[in-house]
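Reading through the structure tokens given below for one structure.
Protein chains: 2
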Amino acid sequence: MTPAARAAGPASDCPVTPRPGLRADAARNVAQIRAAAIAAFHGRGLSTPLEEIAAAAGVSKATIYNRFGGREGLIDAVIGELVAAKMYAIMEKARRVPDPWESLVAYVTDRRDLQFTEPAFTDALLMTYPESRQLVLLAETATAITGELVQQGHEAGAVRRDFTAGDLYYADVANGLALRELPAPSRADYDRRTRFFLNSLRAHDQARA
Amino acid sequence: MTPAARAAGPASDCPVTPRPGLRADAARNVAQIRAAAIAAFHGRGLSTPLEEIAAAAGVSKATIYNRFGGREGLIDAVIGELVAAKMYAIMEKARRVPDPWESLVAYVTDRRDLQFTEPAFTDALLMTYPESRQLVLLAETATAITGELVQQGHEAGAVRRDFTAGDLYYADVANGLALRELPAPSRADYDRRTRFFLNSLRAHDQARA
DNA sequence: AATTAACTTGACGCTAGCGTCAAGTTGATG
DNA sequence: CATCAACTTGACGCTAGCGTCAAGTTAATT
Numbered sequence: 038m039t040p041a042a043r044a045a046g047p048a049s050d051c052p053v054t055p056r057p058g059l060r061a062d063a064a065r066n067v068a069q070i071r072a073a074a075i076a077a078f079h080g081r082g083l084s085t086p087l088e089e090i091a092a093a094a095g096v097s098k099a100t101i102y103n104r105f106g107g108r109e110g111l112i113d114a115v116i117g118e119l120v121a122a123k124m125y126a127i128m129e130k131a132r133r134v135p136d137p138w139e140s141l142v143a144y145v146t147d148r149r150d151l152q153f154t155e156p157a158f159t160d161a162l163l164m165t166y167p168e169s170r171q172l173v174l175l176a177e178t179a180t181a182i183t184g185e186l187v188q189q190g191h192e193a194g195a196v197r198r199d200f201t202a203g204d205l206y207y208a209d210v211a212n213g214l215a216l217r218e219l220p221a222p223s224r225a226d227y228d229r230r231t232r233f234f235l236n237s238l239r240a241h242d243q244a245r246a
Numbered sequence: 038m039t040p041a042a043r044a045a046g047p048a049s050d051c052p053v054t055p056r057p058g059l060r061a062d063a064a065r066n067v068a069q070i071r072a073a074a075i076a077a078f079h080g081r082g083l084s085t086p087l088e089e090i091a092a093a094a095g096v097s098k099a100t101i102y103n104r105f106g107g108r109e110g111l112i113d114a115v116i117g118e119l120v121a122a123k124m125y126a127i128m129e130k131a132r133r134v135p136d137p138w139e140s141l142v143a144y145v146t147d148r149r150d151l152q153f154t155e156p157a158f159t160d161a162l163l164m165t166y167p168e169s170r171q172l173v174l175l176a177e178t179a180t181a182i183t184g185e186l187v188q189q190g191h192e193a194g195a196v197r198r199d200f201t202a203g204d205l206y207y208a209d210v211a212n213g214l215a216l217r218e219l220p221a222p223s224r225a226d227y228d229r230r231t232r233f234f235l236n237s238l239r240a241h242d243q244a245r246a
């Protein structure tokens, strides 16, 4: 079975034009809140205080509850623009690379790039807010693709046989948390560590790129 | 210079018998609080609520402030028993292994073992509470030893020349945070990942153990 | 321009943890 | 056994964030 046959993501689940029957002022607020949330989540992760987002949107906190039902609804409304779109693109790209090893290299590298620039991605990985449908969907798709790529790597003899998709997940979570907690490493350091990681899962007998 | 010539740790900075001029009941409380703190920190890390520790010690929260001056003082009073003693032993052991590669392997492996069983170690790594003298001392010593071991590994040609002590620190922090955030991995998974990591920093041309 | 449903909001009560202090209790000392 | 310094503590005020609601405002409709 190929559970990830179409990895391009859900057709269109978060329309830019929200619920139609919305009064003009409400629609304006929705747009402002979304924009503020995207900026805030980008800077501080998915647990940015709602009051802060509300303030940035020039709106009261209660309005966020009115329009989105709370944090999870808000995440649902912006996660696509924030993370999901990029993640689906990464998966798509990796699946297009024919060589199994290169495909995995592309996938890992791109994920880590995304992680470097987008703190919210780590929150998504951790499923801190499991009530967001978009997030659950994304996680499931990503899990499927990861498994697929690792398996192909095994079959081609390019990836250590004892390396699992779970190991990759663990490493990504660890890396995301370190990024969140430590002062940002230089890009050179970060990329070197990415290479170390890739090096560690390469099957021994073909350790040369 | 060999800044870590004596890595056995500070002579005796946290006597089991606390301040002498202490009334009997106060001394009893100190002992109970220390015991409770060690248990709590072991289970939940160094940011366990003080109220919880106080309750476990059968004492009011204010008494912890009276006896230890707050969280940092309390950490100072128990970190030796909790983490520092083990860490100093690990460093000592690593320095005694003659072969540079095996020495680094021992060091990394033992640190990760400690990390697996002692969440407080990660707090120590992160210096979440930088006011604890014991903790600062430990961190400085550990940094020195790590640098020493990595350098020896470089000189012996056993460790990739582009691998730095900072990389090791980053990896340890990342691992500790993942342990804290994720459900505990099986020991087998954990040890395998330790081996992957060691594998990643081994110089290419001698990748065989 | 009157009506009304949709919408917004300030203010509230809630939780969790911190750090402090006046008032009360108790161990040690003469 | 009286005294008093040492000690303990409940209760308090503080911060930060959550989620809710009655009362007020405003866009749409006729």
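From first to last, the protein sequence lines are chains A and B. Just so you know, we're using my numbering here: the first sequence kicks off at 38 and counts up by one. Just so you know, we're using my numbering here: the second sequence kicks off at 38 and counts up by one. We treat Cβ as the ideally placed atom computed from N, Cα and C, and that holds for glycine.
Quiz prompt | Nearest-angstrom Cα separation, counted from B/Leu119 out to B/Val69 | solution = According to the sequence shown, residue 69 of chain B is Gln rather than Val. When rounded, the distance between both Cα atoms is 15 Å.
Quiz item: What three-state label does DSSP hand A/Arg149 in the structure shown?
Solution: The answer is helix: DSSP assigns A/Arg149 an H, G or I state.
Quiz item: Between B/Tyr207 and A/Leu238, which are expected to be in contact by the criterion C-beta below 8 Å, what is the C-beta distance as a whole number of angstroms?
Solution: Actually they do not touch by this definition, with Cβ atoms about 18 Å apart.
Quiz item: By a C-beta neighbour count over all protein chains shown, 10 Å radius and 16 as the cutoff for buried, is A/Ala97 buried or exposed?
Solution: The residue asked about is misnamed: residue 97 of chain A is Ser in this sequence, not Ala. By the 10 Å Cβ count, A/Ser97 comes out exposed.
Self-check item: Backbone CA spacing between B/Gly106 and A/Ala157 [nearest angstrom]
Solution: Spanning the two alpha carbons is a distance of roughly 38 Å.
Quiz prompt | Beta-carbon contacts of B/Ala143 that lie in its chain and below 7 Å, excluding the five residues immediately before and after | solution = Excluding the 5 residues flanking it on each side, B/Ala143 has same chain C-beta neighbours closer than 7 Å at Lys130, Ala131 and Val134, in chain order.
Quiz item: Are B/Ala211 and B/Met124 closer than 8 Å when you measure CB to CB?
Solution: The Cβ atoms of B/Ala211 and B/Met124 lie no closer than 8 Å to each other.
Exercise. Would you check if the distance between the CB atom of A/Val258 and the CB atom of A/Ala240 is smaller than 8 Å?
Key: Lying before the first or after the last residue shown, residue 258 of chain A is absent from chain A, which here runs from 38 to 246.
Quiz item: Residues of chain B with a CB under 8 Å from the CB of A/Phe234: which are they?
Solution: Here the neighbours are Ser237.
Quiz item: By how many angstroms is the C-alpha of A/Ala181 removed from the C-alpha of A/Ala202?
Solution: A direct Cα-Cα distance of roughly 9 Å separates A/Ala202 from A/Ala181.
Quiz item: Which same chain residues, not among the five before or five after A/Arg148, have their C-beta less than 7 Å away from its C-beta?
Solution: Excluding sequence positions up to five before and after A/Arg148, its CB lies within less than 7 Å of the CB of Ile127 and Asp209, all in the same chain and listed in chain order.
Quiz item: Does DSSP classify A/Val196 as helix, strand or coil?
Solution: The three-state reading of DSSP puts A/Val196 in strand, counting E and B together.
Quiz prompt | Cβ neighbours of B/Ala221 in the same chain (closer than 7 Å, five flanking residues each side left out) | solution = Exclusion of the five residues before and after B/Ala221 leaves no residue of its chain whose Cβ lies closer than 7 Å to its Cβ.
Quiz item: Under 8 Å between C-beta atoms, does B/Tyr207 make it to chain A?
Solution: With 8 Å as the cut-off, B/Tyr207 counts as an interface residue toward chain A.
Self-check item: C-beta neighbour in chain B for A/Arg230, strict 8 Å
Solution: Using a CB distance cut-off of 8 Å, A/Arg230 counts as an interface residue toward chain B.
Quiz item: Roughly how many angstroms lie between the CA atoms of B/Tyr227 and A/Arg65, to the nearest whole one?
Solution: When rounded, the distance between both Cα atoms is 50 Å.
Quiz item: Just the Cα atoms here: how many angstroms apart are B/Leu174 and B/Leu205?
Solution: C-alpha of B/Leu174 to C-alpha of B/Leu205: approximately 19 Å in a straight line.
Quiz item: How many whole angstroms separate the CB atoms of B/Gln171 and B/Ile116, which I take to be in contact at a CB cut-off of 8 Å?
Solution: The beta-carbon separation of B/Gln171 and B/Ile116, rounded to 5 Å, stays under the 8 Å limit for a contact.
Practice problem: Tell me, please, which residues DSSP counts as bridged to A/Arg239. | Solution: Answer is A/Val196.
Practice problem: State yes or no: is the beta carbon of B/Pro137 nearer than 8 Å to at least one beta carbon in chain A? | Solution: So no, B/Pro137 is outside the interface.
Quiz item: Could one say the Cβ of B/Pro222 lies closer than 8 Å to chain A's Cβ atoms, at least one of them?
Solution: Contact of B/Pro222 with chain A is assigned, a C-beta pair being separated by under 8 Å.
Quiz item: What residues of chain A sit near B/Ala215, judged by a beta carbon separation below 7 Å?
Solution: Correct list: Tyr207, Val210, Ala211 and Leu214.
Self-check item: Status (buried if at least 16 other CB within 10 Å, exposed otherwise) for A/Pro31
Solution: Summary: the structure shown does not reach residue 31 of chain A, with chain A confined to residues 38 through 246, and so no result is reported for it.
Quiz item: Do A/Thr231 and A/Thr100 have their C-beta atoms within less than 8 Å of each other?
Solution: Not in contact: A/Thr231 and A/Thr100 (Cβ atoms no closer than 8 Å).
Practice problem: At 8 Å on the CB atoms, spell out the chain A contacts of B/Asp147, in chain order. | Solution: Correct list: empty, because the minimum Cβ distance to chain A is about 19 Å.
Practice problem: Determine the contact status of B/Leu162 and B/Gly95, defining contact as a CB-CB distance below 8 Å. | Solution: Not closer than 8 Å, so no.
Practice problem: Determine whether the Cβ of A/Glu218 lies closer than 8 Å to any Cβ atom of chain B. | Solution: With 8 Å as the cut-off, A/Glu218 counts as an interface residue toward chain B.
Exercise. Pull up the distance between the alpha-carbon of A/Ile112 and that of A/Arg104, whole angstroms please.
Key: Roughly 12 Å between the two C-alpha positions.
Practice problem: Give the straight-line distance between the Cα atoms of B/Arg217 and A/Leu59, rounded to the nearest whole angstrom. | Solution: Distance between the alpha carbons of B/Arg217 and A/Leu59 is about 44 Å.
Exercise. Below 6 Å CB to CB, which residues in the same chain sit around A/Ala73 once its five sequence neighbours on both sides are set aside?
Key: Ile90, Ala93 and Ala94.
Quiz item: So A/Leu162 is in the alpha helix (DSSP H); what residue range does that whole segment cover?
Solution: Note, A/Leu162: alpha helix (DSSP H), Pro156 to Leu163.
Quiz item: Roughly how many whole angstroms lie between the Cα atoms of B/Phe153 and A/Phe78?
Solution: Straight-line measurement puts the Cα of A/Phe78 at about 31 Å from the Cα of B/Phe153.
Quiz prompt | Segment limits, alpha helix (DSSP H) that includes B/Arg104 | solution = It spans Lys98 to Phe105 - the alpha helix (DSSP H) in which B/Arg104 sits, taken as one unbroken run.
Quiz item: If we call anything under 8 Å between Cβ atoms a contact, is A/Glu88 one with A/Tyr166?
Solution: Not in contact: A/Glu88 and A/Tyr166 (Cβ atoms no closer than 8 Å).
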